[in-house]
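I have placed the structure first, in the form of structure tokens, so that the comments after it can refer back to it.
2 protein chains.
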Amino acid sequence: MAKRSYPLSRVYGLLEPGPVLLLTTAHEGQANVMAMSWHTMLEFEPPLVGCVVSSRDFSFAALKATRQCVLNIPTAELVDQVVGCGNTSGRRVDKFKRFGLTPLPASSVAAPLVAECYANLECRVADTRLVNRYNFFVLEVQQAWVDAACKVPRTLHHRGRGVFSVAGETIRLPSRMK
Amino acid sequence: MAKRSYPLSRVYGLLEPGPVLLLTTAHEGQANVMAMSWHTMLEFEPPLVGCVVSSRDFSFAALKATRQCVLNIPTAELVDQVVGCGNTSGRRVDKFKRFGLTPLPASSVAAPLVAECYANLECRVADTRLVNRYNFFVLEVQQAWVDAACKVPRTLHHRGRGVFSVAGETIRLPSRMK
Numbered sequence: 001m002a003k004r005s006y007p008l009s010r011v012y013g014l015l016e017p018g019p020v021l022l023l024t025t026a027h028e029g030q031a032n033v034m035a036m037s038w039h040t041m042l043e044f045e046p047p048l049v050g051c052v053v054s055s056r057d058f059s060f061a062a063l064k065a066t067r068q069c070v071l072n073i074p075t076a077e078l079v080d081q082v083v084g085c086g087n088t089s090g091r092r093v094d095k096f097k098r099f100g101l102t103p104l105p106a107s108s109v110a111a112p113l114v115a116e117c118y119a120n121l122e123c124r125v126a127d128t129r130l131v132n133r134y135n136f137f138v139l140e141v142q143q144a145w146v147d148a149a150c151k152v153p154r155t156l157h158h159r160g161r162g163v164f165s166v167a168g169e170t171i172r173l174p175s176r177m178k
Numbered sequence: 001m002a003k004r005s006y007p008l009s010r011v012y013g014l015l016e017p018g019p020v021l022l023l024t025t026a027h028e029g030q031a032n033v034m035a036m037s038w039h040t041m042l043e044f045e046p047p048l049v050g051c052v053v054s055s056r057d058f059s060f061a062a063l064k065a066t067r068q069c070v071l072n073i074p075t076a077e078l079v080d081q082v083v084g085c086g087n088t089s090g091r092r093v094d095k096f097k098r099f100g101l102t103p104l105p106a107s108s109v110a111a112p113l114v115a116e117c118y119a120n121l122e123c124r125v126a127d128t129r130l131v132n133r134y135n136f137f138v139l140e141v142q143q144a145w146v147d148a149a150c151k152v153p154r155t156l157h158h159r160g161r162g163v164f165s166v167a168g169e170t171i172r173l174p175s176r177m178k
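Protein chains in written order, with the working numbering: chain H, 1 to 178; chain L, 1 to 178.
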């Protein structure tokens, strides 16, 4: 899919609805990808994102050491790959090969973009003060990419234990909220 | 609607999909309600939730002073009220009256439950270390209530500027993820 650079000021609209993400890292010659739902916007611009990456996850050491990652946003077509990534560990499996995901070079970080995801956010770790207590990393989005053809993304929203809602009907109302 | 007490160990499944919330507070004899989407789970049990309440919001002072709030989860039927709450300030308006929302007493905090919401999470502030920098409060859920009749909640997910996706189709897959 053809992706275009996306304004950083509008990144909040991609993450605020709470989609499941695929977080990618690269460390010591090995790229990895994990499924992640515990994230929130913290600031509009530059976009700051807080997220939990457990110290039990293989990605934790890579994120802590390299301070770089990509947040990739999958749509419903990728639900099998998302659950596959959630059920396996990069300690034992090359998840890109296993699940047929295509790593592409990012522009500003060493972690790869997942080509099949409709949006990709290149991030650097900006604050680690809550890592010890909550495994909570503050990321700053450096560069965003979005599939220009995907106007209404059917994002996945995890309700626990492999149950997902897919983003459905759209409602537009006059709002003074950002 | 008839609500039942909900196990704290399963609260993550209510918040992880990223629904818009109505956050209620009560301070100096005045209850207030605001719309909020910047939140994430931080821990399963006891359930810890991180959320951003801007220092520009009227609720900020109440939350900081009382260290109590309720996270109420609306469904799509309440979208007009949600946007109404987002477009007005408790400084000037009694939003419960204006938008026909019913405050009910909570069991463990002074902030009210919003009767019309399908779930209500009574919370206390557990950590304020990131409030100065990011307006980020860590909440511990004390008591949860859910409408037993609402099996597949049509939650609202804000994409920015008054555009919402409603939770649609459900997908269930075998998962080792919580």
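Virtual Cβ for every residue (Gly too), placed ideally from N, Cα, C. Being a predicted model, the structure only gives us computed values, none of them experimental.
Nearest chain L C-beta to residue i closer than 8 Å, yes or no?
i	result
residue 210/H	Because residue 210/H is not part of the residues shown, which for chain H are 1 to 178, the question remains open.
residue 171/H	yes
residue 137/H	no
residue 130/H	yes
residue 12/H	yes
Quick one: residues in its chain with C-beta nearer than 8 Å to the C-beta of residue i, no 5 flanking neighbours on either side, listed in chain order?
i	result
residue 149/L	1 and 2
residue 54/H	60 and 135
residue 5/L	143, 144 and 145
How about residue i: is its C-beta nearer than 8 Å to some C-beta of chain H?
i	result
residue 151/L	no
residue 115/L	no
residue 145/L	no
residue 178/L	yes
residue 174/L	yes
residue 100/L	no
residue 74/L	no
residue 40/L	yes
residue 37/L	yes
residue 161/L	yes
residue 17/L	yes
residue 119/L	no
For residue i, list the residues DSSP reports as bridge partners.
i	result
residue 75/H	155/H
residue 137/L	51/L
residue 163/H	172/L
residue 34/L	23/L
For residue i, I'd like the list of residues in its chain whose CB is within less than 6 Å of its CB, leaving aside the five on either flank, ordered along the chain.
i	result
residue 143/H	107, 108 and 122
residue 66/H	27
Quick one: Cα of residue i to Cα of residue j, how far?
i	j	result
residue 25/L	residue 19/L	19 Å
residue 97/H	residue 154/L	36 Å
residue 76/L	residue 31/L	23 Å
residue 120/L	residue 173/L	27 Å
residue 161/H	residue 92/L	43 Å
residue 126/L	residue 110/H	36 Å
For residue i, which residues from the same chain have a beta carbon less than 7 Å from its beta carbon, with the 5 sequence-adjacent residues on both sides left out?
i	result
residue 234/H	Nothing can be reported for residue 234/H, as the shown portion of chain H is limited to 1 through 178.
residue 85/H	22, 33, 34, 35, 95 and 99
residue 112/L	24, 26, 31, 70, 103, 104, 105 and 106
For this session: Run through the stretch 53-129 of chain L for me and flag every whole alpha helix (DSSP H) of 4 or more residues, listed as ranges in chain order.
Result: 58-66, 79-87 and 95-99
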